[in-house]
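Engineer: If you're matching positions, the sequence shown starts at -18 in the numbering used here and goes up one per residue.
For each residue, glycine too, the CB sits at the ideal point set by N, CA and C.
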Amino acid sequence: MRNSYLIFLLFSFFLSCSKEDEVDQPEVQEAINFQLIGVNADAVFQYNHDGALSSGVETNLTNEVGVNTNYLTLRQSGSTLSFYSFSSGKFSLFQKNVATGEVQNYRDFYTNTSARSIVWGTNNDTSVFFGFYNPQGTTNLAIRTINLNTLEGTDLSLEFNINTLYPPLYHNGKLFITYKTEALEYRIGVYETATNILRQTLSFGGDVPSILIDHNGDLAVFKFSTAATTTLDILDFDTLNKVQEFSPTLAQSFNPGPMNAKLIDNKLYYEFEYSQPFSIERGPAIYDLETSTNTIIDLPNLMSEVEIANDVSIYISSQQYNAKEEVFLVSYGEFTNDNQLRGGAMVISDEGELVETVPLNFLPVYFIE
C-alpha cells in the first residue's frame, strides 16, 4: 500500500514538472520575410529581409536597373516592378522581375505630344496603358495602349468632358478606371487588355466607389453615400455580377479608386484615418465584417518603442498589409540634422505587437507583394 502511494507521489511530481516545463518554454516567433523599395538622395534600393537571420540583402537599383530617384511612379504586376520616368518630353520604363532578377529597360519608349495629356500609366507583362485627356486643354478621357514588343499604340475614347480621373487598378487582364463625370456621377470603366475594348461601365451616381481585389480574386466595391452610409458589394471578377453584399459600420470613407487594403475571410486590413489634429494621419486597423468590430492598432505607442530603442525621432512614410506573412508592414523616416533620407520598417502583428524593427540607410517607400 505504501509502495503504491509512493509511486503515485512520484508520478504526480514528474507530471507537475513536465507541465511547468511546458509553461516555462518561451513562445517562438515565426520568422517574417519581406521585400521593399527605398530611396535616398543618391539611389533607389531594393531590400530583401530574411526574418530567420534578422538581416537582409540590399541592392542598388539605380546601378542595376538604371532607374533614378526622380522616377514618377512605381507599379507592380505579378513579380515585375515597373518604374516610370519622364524627361525631355519622353517616357521611359525600367523593369525588374523580383522573382527571376530579369531586367528590362524601355528608354524614351513614348514621346508625349500636344494630342495627349497623360494623367497616369500602368502596365501588364506585354503592354503599357496610359490614361489621358485628348487633346491637351480638354478633359475628354481616353486610354492609349502601347505594345512593349513593337512600341506601337492605339487609342480608345472613353468619355467626353469628365470632371476627375483617379488612379487605375489592374488585375488579371482587366483595367478598372475610376472617374467622375461632368455631371458629378462616379463611374468605373472596365477595360479588357487582351482585346483593347471597353467591356462595361459601372455607374454609382453620387456614391463614391473605392475598390480592391479580394482574397478570392473578386472585385470588392465600397460605396460611400452622401448620407454617410456605407455598403460593400462583392462582384464576380468574370461576370461583374453581385455575389455578396455587406453594410459595414465604418465611420470613415476612402478615396475613389484603388484602396490600400486587403479583404481576407471577411476581414478588412486597412488604413484607419485619425481625426485631426493628431500625432499621425493614418495607421493600421482591422475591420471584421461579420461582427462589425473595428480594431485599431496603437501605432503611436509602437512608434515610441522604436524611438526609445533606437534613440531617434521618426515619422510614418507608408504602410501595407502582408497577407502571406499576416503582418502589417509600416515604413518610417527619421528626422535628421544632416538632410539625409534614412528610415526603417516596422513589422506589426495582427494583435498589435511590434515583432521586429529594421533600421535602413534609406527611406522605404513601397513594400513588394
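Output yes or no for whether 8 Å exceeds the beta carbon distance between S228 and T207.
Structural biologist: The residue you call residue 228 lines up with position 247 of the sequence shown. The residue you call residue 207 lines up with position 226 of the sequence shown. Not closer than 8 Å, so no.
Engineer: What residue range is occupied by the uninterrupted alpha helix (DSSP H) comprising E307?
Structural biologist: Translated into positions along the sequence shown, residue 307 becomes position 326. First-last for E307: undefined, no H or E at that position.
Engineer: Is the stretch 103 to 111 close to the stretch 56 to 74, with three or more CB pairs under 8 Å?
Structural biologist: Output reads yes: the stretch 56 to 74 touches the stretch 103 to 111.
Engineer: Assuming A285 is part of the alpha helix (DSSP H), what are its boundary residues?
Structural biologist: Against the sequence shown, residue 285 aligns to sequence position 304. Residue identity differs from the one stated: residue 285 is Ser in this sequence, not Ala. Where S285 is concerned, the enclosing alpha helix (DSSP H) stretches over L280 to N291.
Engineer: Are L310 and Q300 close, meaning C-beta to C-beta below 8 Å?
Structural biologist: For the purposes of this step, residue 310 is taken as residue 329 along the sequence shown, with counting starting at 1. For the purposes of this step, residue 300 is taken as residue 319 along the sequence shown, with counting starting at 1. For L310 and Q300, yes; Cβs fall inside 8 Å.
Engineer: Is Y313 near I295, with beta carbons less than 8 Å apart?
Structural biologist: On the sequence shown, residue 313 is found 332 positions in, with the first residue counted as 1. On the sequence shown, residue 295 is found 314 positions in, with the first residue counted as 1. Going by C-beta atoms, Y313 is nearer than 8 Å to I295.
Engineer: How far does the beta strand (DSSP E) with N275 in it reach, from first residue to last?
Structural biologist: Taking the sequence shown and counting its residues from 1, one reaches residue 275 at position 294. From DSSP, the beta strand (DSSP E) with N275 extends over T274 to I277.
Engineer: Quick check: T402 and V20, are their CB atoms within less than 8 Å of each other?
Structural biologist: Residue 402 lies beyond the range of the chain shown here (-18 to 350); nothing can be said about it.
Engineer: What residues in its chain sit with their C-beta under 7 Å from that of S95, if we drop five residues either side in the sequence?
Structural biologist: Position 114 of the sequence shown, counted from the first residue, corresponds to residue 95. Cβ neighbours of S95 beyond the five flanking positions: P116 and Q117.
Engineer: By DSSP, does Q300 sit in helix, in strand, or in coil?
Structural biologist: Translated into the one-based positions of the sequence shown, residue 300 becomes position 319. DSSP places Q300 in strand when its eight states are reduced to three.
Engineer: Taking the alpha helix (DSSP H) that T366 falls in, what are its first and last residues?
Structural biologist: As displayed, the chain neither begins before -18 nor continues past 350, which places residue 366 out of reach and without an answer.
Engineer: Going by the DSSP bridge assignment, what does I169 pair with across the sheet?
Structural biologist: Residue mapping note: residue 169 aligns to position 188 of the sequence shown, counting from 1. DSSP lists T159 and L183 as partners of I169.
Engineer: Please report the Cβ distance between L200 and L221, rounded to the nearest whole angstrom; I am assuming they are in contact, meaning their Cβ atoms lie under 8 Å.
Structural biologist: As a position in the sequence shown, residue 200 is number 219, starting the count at 1. As a position in the sequence shown, residue 221 is number 240, starting the count at 1. Contact flag correct, Cβ pair sits at about 7 Å.
Engineer: Between L165 and the rest of its own chain, which residues show a CB-CB distance below 8 Å, the 5 nearest in sequence each way excluded?
Structural biologist: Counting from 1 along the sequence shown, the entry for residue 165 is found at position 184. Cβ neighbours of L165 beyond the five flanking positions: N144 and G187.
Engineer: With distances taken from CA atoms, which of L249, N197 and F15 is nearest V79?
Structural biologist: As a position in the sequence shown, residue 79 is number 98, starting the count at 1. It is F15 whose Cα lies nearest to the Cα of V79.
Engineer: Give the single residue among M284, I289, Y172 and E252 whose Cα lies nearest to the Cα of N275.
Structural biologist: As a first step, residue 275 is located in the sequence shown; it is residue number 294 there, counting from the start. Residue E252 is the option with its Cα nearest to N275.
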